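Chains as they are written, first to last, in my numbering: chain A, 91 to 236; chain B, 67 to 208.
To keep things clear, I will list the structure first and then write my remarks on it.
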Amino acid sequence: MKRALARVLAGLIFGAGLALAGMTLPGKVLAFLDVTGAWDPSLLFVLGGAVLTAMLGYQLVFRLGHPLFDTRFHLPPTQPIDGALLLGSALFGIGWGIAGYCPGPAVALLAVPRNPEALVFLGGLVGGVLLAGLLQPGDASSAQDD
Amino acid sequence: MSLNPYLSSLAGGVLIGAAAVLLMLCNGRIAGISGMVRGLLGRDGVAVCGRLLFLGSLVAGAALVERWSGQVPQARADFPGWLLGLAGVLVGLGTSLAQGCTSGHGVCGLARFSPRSLVAVLVFLGVAMLTTFAVRHLWGIA
Chain A
91 MKRALARVLA GLIFGAGLAL AGMTLPGKVL AFLDVTGAWD PSLLFVLGGA
141 VLTAMLGYQL VFRLGHPLFD TRFHLPPTQP IDGALLLGSA LFGIGWGIAG
191 YCPGPAVALL AVPRNPEALV FLGGLVGGVL LAGLLQPGDA SSAQDD
Chain B
67 MSLNPYLSSL AGGVLIGAAA VLLMLCNGRI AGISGMVRGL LGRDGVAVCG
117 RLLFLGSLVA GAALVERWSG QVPQARADFP GWLLGLAGVL VGLGTSLAQG
167 CTSGHGVCGL ARFSPRSLVA VLVFLGVAML TTFAVRHLWG IA
C-alpha cells in the first residue's frame with residue numbers, strides 16, 4: 091500500500107515536471123534538437139535540473155542502506171557497453187528526432203483528449219516494444235529503467 | 067499564461083529529478099518510463115499494477131499542469147501519419163534494445179554515474195539532432 095502511494099505521488103510529480111518543463115510539446119523538443127535552426131536551448135535546463143537533483147538525492151538515499159518501503163534497492167546489474175545498447179540508442183534517437191516524443195511525453199499524450207498523434211505514436215511504440223520481444227525472445231531484463 | 071521558458075524548464079527538470087529520488091527513496095526503483103511501458107506487456111500482475119499506477123499518475127500530473135499553463139500539445143497539421151507511426155516503432159524498439167530512454171538512462175543512469183547510460187545518452191542525443199536536421203532541413207518536413 092505504501093509502495094503504491096509512493097508510485098502515485100512520484101508519477102504525479104514526474105508528469106507535472108514533464109509538462110512544466112515543456113517536454114510534452116514536440117515542437118519545443120524539436121526546436122531543442124534542431125541546433126542549426128532557431129535553436130531553443132531551454133531543454134538543457136530540464137536535463138541539467140533533473141540530473142543534478144537526482145544525483146544529489148541518490149547520494150543521500152543510498153546512504154540509508156535500503157529504501158523506506160523495501161528491503162533492498164532494485165538497481166540494474168552492471169552490463170557491458172554492447173551492440174544492443176548502441177544500436178538501440180541510435181534507433182531511439184532517430185525516432186525521437188523525427189517526432190519529438192520520448193517515452194515519457196508519449197505516455198503523457200494521453201492527458202490530451204482527442205489528439206490523433208497519441209494513437210498513432212503510442213501504437214507504433216507498443217509495436218516496437220513487441221518487435222524487440224520477437225528479436226530478443228530470451229531477454230526479459232528491464233532492469234535499467236524499471 | 068506565459069512562463070519564462072528557462073525557469074519553467076529548470077523547475078520541471080527539478081520536479082522530474084525529485085520524482086526519481088522519491089521512487090528510489092521509497093521503493094528502491096529506477097524511474098524509467100520505457101521500462102515501465104515494456105513491463106506493462108509482461109505477465110506479472112502485481113508488477114503491471116504498480117507500473118500502471120505510476121504511468122496513470124504521470125498522465126494526471128501532466129494534465130493538471132497543462133490545464134494550468136495552457137501549454138497543451140497540439141497535433142501537427144502537415145506531419146505525415148506514417149512517419150509519426152514509424153517514429154513510434156523506432157522509439158519502442160530502440161529503448162527496448164538499449165534498456166532505457168531519456169529517463170532511465172538520461173536522468174537516473176547519469177545520476178548514478180553509469181558508463182552505459184552516458185554512452186546511451188551521447189548516442190541518442192547526437193543521432194536525434196542529426197535526424198531532426200535531416201527531416202527538417204534536407205527533407206523539408208517540420
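Positions of the beta carbon are idealized from the N, C-alpha and C atoms, including for glycine.
These figures come from a predicted structure and were not determined experimentally.
Where does the unbroken alpha helix (DSSP H) through residue i begin, and where does it stop?
i: B/Trp-148; result: 147-164
i: A/Leu-175; result: 173-189
i: A/Leu-225; result: 206-225
i: B/Pro-181; result: 181-199
i: A/Arg-93; result: 92-111
i: A/Ala-196; result: 193-198
i: B/Ala-84; result: 71-93
Taking the alpha-carbon of residue i as reference, which of the options has the nearest alpha-carbon?
i: B/Ser-180; options: B/Gln-165, B/Gly-122, B/Gly-78; result: B/Gln-165
i: A/Leu-224; options: B/Ala-97, B/Ala-113, B/Ala-194, B/Ser-162; result: B/Ser-162
i: A/Met-113; options: A/Leu-133, A/Thr-126, A/Ala-128, A/Trp-129; result: A/Leu-133
i: A/Phe-182; options: B/Leu-149, B/Leu-191, B/Cys-174, B/Ala-84; result: B/Leu-191
i: B/Leu-149; options: A/Gly-190, A/Val-141, A/Pro-157; result: A/Gly-190
i: B/Arg-117; options: B/Ser-169, B/Gln-140, B/Leu-106; result: B/Leu-106
i: A/Gly-173; options: B/Arg-182, B/Leu-196, B/Met-195, B/Pro-71; result: B/Arg-182
i: A/Ala-96; options: B/Leu-73, B/Leu-184, B/Gly-158, B/Ala-84; result: B/Ala-84
i: B/Gly-122; options: A/Arg-153, A/Phe-211, A/Leu-200, A/Ala-222; result: A/Leu-200
Buried or exposed: residue i, going by 16 or more other Cβ atoms within 10 Å of its Cβ?
i: B/Val-187; result: buried
i: B/Arg-95; result: buried
i: A/Tyr-148; result: buried
i: B/Asn-226; result: For residue 226 of chain B there is no data in the structure shown, the boundaries of chain B being 67 and 208.
i: A/Ile-188; result: buried
i: B/His-171; result: buried
i: A/Ile-103; result: buried
i: A/Gln-226; result: exposed
i: B/Met-102; result: buried
i: B/Val-189; result: buried
i: A/Ser-231; result: At A/Ser-231 the pLDDT is 47, less than 50, meaning the model places this residue with poor confidence; the figure from the coordinates comes in the next sentence. That one is exposed.
i: B/Val-193; result: buried
i: B/Val-112; result: exposed
i: A/Trp-50; result: Outside the shown range of chain A, which is 91 to 236, sits residue 50 of chain A, and nothing can be said about it.
i: B/Ala-143; result: exposed
i: B/Ile-99; result: buried
Does the ligand SAM have a heavy atom nearer than 7 Å to the CB of residue i?
i: B/Leu-89; result: Ligands in the displayed structure: none, and consequently the ligand SAM is not present.
DSSP three-state call for residue i: helix, strand or coil?
i: A/Gln-149; result: helix
i: A/Phe-122; result: helix
i: A/Leu-142; result: helix
i: B/Val-173; result: helix
i: A/Pro-116; result: helix
i: A/Phe-135; result: helix
i: B/Val-103; result: helix
i: B/His-203; result: helix
i: B/Ala-141; result: coil
i: A/Ala-201; result: helix
i: A/Asp-236; result: Confidence is the limiting factor: at A/Asp-236 the pLDDT is only 42, short of 50, which leaves the residue's position unreliable and the question unanswerable from this model.
Going residue by residue through the stretch 106-138 of chain B, where are the continuous alpha helix (DSSP H) segments of at least 4 residues, counting only ones entirely within it?
As far as the stretch 106-138 of chain B is concerned, its whole alpha helix (DSSP H) runs of at least 4 residues are 111-135.
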